[in-house]
Amino acid sequence: MEAKIRPYADTSMIMYGIVMFIVEFVRGAYLVSYLPTYAVNVLGFSVATVGTAVSIHYVTDTIIKCYAGYLLDHFPLRLIVQLGLLISFGGLLLMQYSQQFWLLIAASALFGVGISPIWLVCLSKVKPENRAAHMGVLYTCWLCGIGAGPVVINFVIDKSYLLSFRIMLVLWGLGWVLSLFISNVKESEPISIPLKRQISMLWDRLRSMKQLLPGMIIQTAAAGMLVPILPNFASKYLGLQFSQYSYVLIAGGVFTVIFLIPMGKLSDRWGRRWFLILGFFAFAITLYGLTFASVLWQAVLLAAILGFSYAAVLPAWNALLAQHVPENQQGMGWGLFSSIEGIGVIVGPILGGWIADMFNERAAVWVSAGLLGSIALYYLIVSPKGEKELA
């Protein structure tokens, strides 16, 4: 009798996860830590310009996602990834030396081209019989990349912008080399649904979840506002070096990971609505309090509380969204949610950069905290219909 191969022993899926980790590591490092400081302090751009560049990056990413089915159906998987990564590499290079606004925007758009294909191809490699395990590998690599990128690169930025940039280029090149080993075989095929039917199904989903729409858009907009301003905020108002800013990010991330599962179990037992209300309210108050921190330990403590608050919100929020996803339309349902939340991701950085330029970075953090507080107030007044456990 042959021994069954464990899902996690699938070396090809691990390789795809590594490519995803590298891509998300570089994207997080560049957009969250490197660009906001380098573009302002070295290239001389305004914070609003940086916010616009970040938003344009996500616009490109979203547009590519819209053509996911066409790309997968008409081109080899390996070609999609390699071409996307190559175009993104060009955008990364161009952003480093952009002296004009339109060049920075164009470079940021190009940088967004190579991100979506990674997800498209990795999802097509998920074997139906090992879906949970393979998706776990991909999401773990994705989250680790997003979190590790800004943290690691902040330690290097303190030494040299040039060294930081070279590290990101080398990593991106490594990702491209690994993409050479991606096969063109699809393990799963997307279900083809006529466009008219898709529109009808999407409209039905939107109607059933209309009470969730404000929260979906506002929370991602509030988070997006912080992307172009946080590094300079930490330096200017908290007096932190970039490496010290990494300790703040680590504190938030660690407390999120530690409490994510326990808070999820508690929200299932006690009711998700109040976890959303209290979580968003605590997030807003703590974020507001962060603007008055004056030493490192205060910033780290508040970041830990922010991580705890996020751990309270995330499981309850995802469980609530999952109730609106039809079992036979998982991909389309989550794709719809991602697109709606993408509105906030696109608008947030522009708004945060504009407020920082018009007033200051502290004011942008205040507005972000106010938006998060408004979500708590909204769900205190409004409860999604048909959700008994949220009553």
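Be aware that the sequence shown starts at 1, since it is given in full-length UniProt numbering, and climbs by one per residue.
Think of the CB as a built atom: it goes at the ideal place given N, C-alpha and C, for glycine as much as any other residue.
Taking the Cα of residue 260 as reference, the smallest distance to any Cα among 25, 218, 271 and 316 is reached at 316. In its chain, beyond the 5 residues on either side, 164 and 242 have a beta carbon closer than 6 angstroms to the beta carbon of residue 157.
Within 10 angstroms of the beta-carbon of residue 286 lie 16 or more other beta-carbons, which makes it buried. Taking every protein chain shown into account, the CB of residue 280 has 16 or more other CB atoms within 10 angstroms, so this residue is buried. Boundaries of the alpha helix (DSSP H) harbouring residue 41: 35–41, taken from the DSSP string. Closest in alpha carbon position to residue 61, among 76, 84 and 360, is 84. By the CB criterion at 7 angstroms, residue 369 and residue 284 fall inside the cutoff. Taking a 10 Å sphere around the C-beta of residue 100, we find fewer than 16 other C-beta atoms and assign the residue as exposed. For residue 210, there is no enclosing alpha helix (DSSP H), as DSSP marks it with neither H nor E.
For the pair residue 247 and residue 151, the Cα-to-Cα distance works out to about 8 angstroms.
Distance from the Cα of residue 154 is smallest, within the candidate group 143, 168 and 142, for 168. Boundaries for residue 229: no alpha helix (DSSP H) harbours it, and the DSSP string shows neither H nor E there. With a contact defined as Cβ atoms closer than 8 angstroms, residue 288 and residue 366 qualify at about 6 angstroms. Going by C-alpha positions, residue 148 is about 9 angstroms away from residue 21.
In this structure, the alpha-carbon of residue 219 lies about 21 angstroms from that of residue 27. C-alpha of residue 37 to C-alpha of residue 320: approximately 37 angstroms in a straight line.
In this structure residue 229 is not in contact with residue 39, their Cβ atoms being roughly 12 angstroms apart against a cut-off of 8 angstroms.
Residue 296 holds the alpha-carbon nearest to the alpha-carbon of residue 238 among 139, 296 and 42. Secondary structure note for residue 367: its alpha helix (DSSP H) is the uninterrupted segment 361–381. Residue state for residue 44 is assigned as coil, using DSSP reduced to three classes. A direct Cα-to-Cα measurement between residue 358 and residue 364 gives close to 10 angstroms. The DSSP-derived three-state label of residue 114 is coil.
Counting along the chain, the unbroken alpha helix (DSSP H) around residue 255 starts and ends at 242–270. Here residue 225 really is in contact with residue 352; their C-beta atoms are around 3 angstroms apart, less than 8 angstroms. CA-CA distance, residue 80 to residue 214, rounds to 35 angstroms.
Excluding the 5 residues flanking it on each side, residue 24 has same chain C-beta neighbours closer than 6 angstroms at 142, 145 and 146, in chain order.
Residue environment for residue 308: buried (at least 16 other C-beta atoms within 10 angstroms of its C-beta).
By the 16-neighbour rule on beta-carbons within 10 angstroms, residue 269 is exposed. Sequence-distant Cβ neighbours of residue 380 in its own chain, meaning closer than 6 angstroms and more than five residues away, are 277. Excluding sequence positions up to five before and after residue 342, its CB lies within less than 6 angstroms of the CB of 62, all in the same chain and listed in chain order. Excluding the 5 residues flanking it on each side, residue 233 has same chain C-beta neighbours closer than 6 angstroms at 361, in chain order. Within the same chain, Cβ atoms closer than 7 angstroms to the Cβ of residue 178 are found at 15, 18 and 19, the five residues on either side in sequence being excluded.
Burial check for residue 273: the Cβ neighbour count within 10 Å reaches 16 or more, so the residue is buried. In this model, residue 313 and residue 275 are separated by some 6 angstroms (Cα to Cα).
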